[in-house]
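Numbering (our numbering), first residue to last: 122 to 552.
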């Protein structure tokens with residue numbers, strides 16, 4: 122036991138003998154203050170804030186690029202491998218990003234050669250776009266990294282360019298840029314983004330020049346390529362083989378597992394949304410969905426590993442195919458996502474949707490019935506009648522291709538559910 126005499130307040134401090142104090146740097150304190158509690162690997166270096174859109178309306182300001190060589194876009198394309206290792210983690214592709222050997226790309230080719238198409242598809246490289254943004258709804262105007270899907274990036278880019286007039290909106294301009302708004306609906310399996318819009322009025326990043334300068338200096342000191350977090354080939358090989366998990370267990374801290382066992386369910390699942398997203402879900406969420414929907418699958422046969430996940434996804438897809446379609450008691454017809462074989466034959470006889478309306482892609486809705494009013498009731502969040510009585514689909518750059526049981530095909534042009542946004546868009550593009 123060490124007895125320490127109390128020092129009187131105000132008394133002169135004495136220097137410690139034989140001890141040299143080494144003060145921490147500002148960077149060390151900042152990193153500690155912003156540390157993450159999660160043990161999962163991340164594609165963004167620890168210490169930087171990341172943005173995740175909230176359910177409901179979102180408003181963001183995209184910040185200008187600050188990296189070299191000269192940039193053509195405010196975001197940088199990043200290439201990812203998902204569902205890797207025991208935690209189904211996400212990693213940057215070493216081949217696409219750094220022109221180095223990527224063990225995950227090798228694993229994809231090996232799986233394809235072995236005829237394991239599902240496993241290859243699950244870890245195959247995919248593209249996103251990383252950029253600095255400011256969340257307009259946040260209390261602090263702090264730069265955040267947003268890794269958005271390439272489709273959202275495409276939609277905002279399309280709104281920034283008027284093909285008829287050739288006018289371009291520099292939405293990331295620090296002084297004469299534009300805020301962006303969009304909506305997020307649902308959680309997990311049922312997440313949907315819609316209502317993308319560009320603010321009509323130009324604005325600066327922040328009102329106070331001093332605050333704006335601090336933001337610009339911050340992103341200049343931390344260009345997006347510098348905040349990306351790479352794992353070397355040896356580490357990725359360990360994750361693929363499960364070796365890293367064994368090392369973590371030896372240290373008494375198995376990654377991805379927390380006290381209290383299996384995490385609680387936070388959302389409801391249905392067969393249609395599970396069928397659409399099963400290839401993107403980690404092991405525990407697939408298990409939750411299977412149990413909630415009540416699929417006839419013996420979950421004890423599948424382990425929480427990369428191969429186990431692939432086999433489980435394959436079993437889920439097969440079980441979903443065998444499910445009988447349930448009739449909607451209220452409307453008298455059934456709805457399923459995607460085109461069945463009969464619908465595919467019907468649409469192939471028609472002109473290509475993108476040629477008809479000049480759009481880029483088409484959302485498919487198969488309706489086993491012909492009651493248009495019931496269709497509107499059940500799909501009120503996606504399809505409605507405008508003032509002229511014509512059907513509209515709630516997407517900016519896509520349309521609904523509705524196939525009825527009698528063989529008729531109705532092509533529904535895109536629109537915007539929010540009348541205020543619709544007026545805003547019409548006024549903006551047709552001054």
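Glycine is no exception: its CB is placed at the ideal position from the N, C-alpha and C atoms.
So what does DSSP say about residue i, is it helix, strand or coil?
i: residue 328; result: coil
i: residue 268; result: strand
i: residue 306; result: strand
i: residue 283; result: coil
i: residue 234; result: helix
i: residue 340; result: helix
i: residue 213; result: strand
i: residue 444; result: coil
i: residue 429; result: helix
i: residue 255; result: strand
i: residue 477; result: With a pLDDT of 32 at residue 477, under the threshold of 50, the modelled position of that residue is not reliable, and the figure given next carries that caveat. In the structure shown, residue 477 sits in a helix (DSSP, three-state: H, G or I).
i: residue 418; result: coil
i: residue 334; result: helix
i: residue 438; result: helix
i: residue 585; result: One cannot answer for residue 585 here, as it falls past the ends of the chain, which runs 122 to 552.
i: residue 240; result: helix
i: residue 277; result: helix
i: residue 226; result: helix
According to DSSP, what are the bridge partners of residue i?
i: residue 249; result: 199, 270
i: residue 171; result: 266
i: residue 205; result: 210
i: residue 298; result: 324
i: residue 345; result: For residue 345, which the question treats as bridged, DSSP gives no partner whatsoever.
i: residue 165; result: 349
Residue i lies in the alpha helix (DSSP H); which residues open and close that run?
i: residue 397; result: 392 to 398
i: residue 356; result: 354 to 362
i: residue 181; result: Counting along the chain, residue 181 falls outside any alpha helix (DSSP H), though it belongs to the beta strand (DSSP E) covering 177 to 183.
i: residue 414; result: 404 to 414
i: residue 289; result: Looking at the DSSP string, residue 289 is not in any alpha helix (DSSP H), and its letter there is neither H nor E.
Within the continuous beta strand (DSSP E) that includes residue i, where are the two ends?
i: residue 318; result: 313 to 319
Measure the alpha-carbon distance for residue i versus residue j and round it to whole angstroms.
i: residue 189; j: residue 342; result: 12 Å
i: residue 532; j: residue 289; result: 30 Å
i: residue 437; j: residue 340; result: 44 Å
i: residue 417; j: residue 178; result: 38 Å
i: residue 187; j: residue 248; result: 21 Å
i: residue 281; j: residue 303; result: 14 Å
i: residue 211; j: residue 253; result: 20 Å
i: residue 238; j: residue 232; result: 7 Å
i: residue 434; j: residue 399; result: 6 Å
i: residue 291; j: residue 256; result: 18 Å
i: residue 425; j: residue 419; result: 14 Å
i: residue 295; j: residue 306; result: 30 Å
i: residue 216; j: residue 428; result: 23 Å
i: residue 236; j: residue 172; result: 38 Å
Using a Cβ-Cβ distance under 8 Å, would residue i count as near chain D?
i: residue 363; result: Protein chain content of the structure displayed is limited to a single chain, and chain D is not contained in it.
Quiz item: Between the stretch 346 to 356 and the stretch 309 to 325, do three or more beta carbon pairs fall short of 8 Å?
Solution: no
Quiz item: Using 8 Å as the Cβ pair cut-off and three pairs as the minimum, do the stretch 179 to 188 and the stretch 404 to 418 touch?
Solution: no
Exercise. Specify whether the stretch 346 to 353 and the stretch 410 to 428 touch according to this definition: at least 3 beta carbon pairs, one from each stretch, less than 8 Å apart.
Key: no
Quiz item: Is it a yes or a no for the stretch 219 to 236 touching the stretch 160 to 173, going by three-plus beta-carbon pairs under 8 Å?
Solution: no
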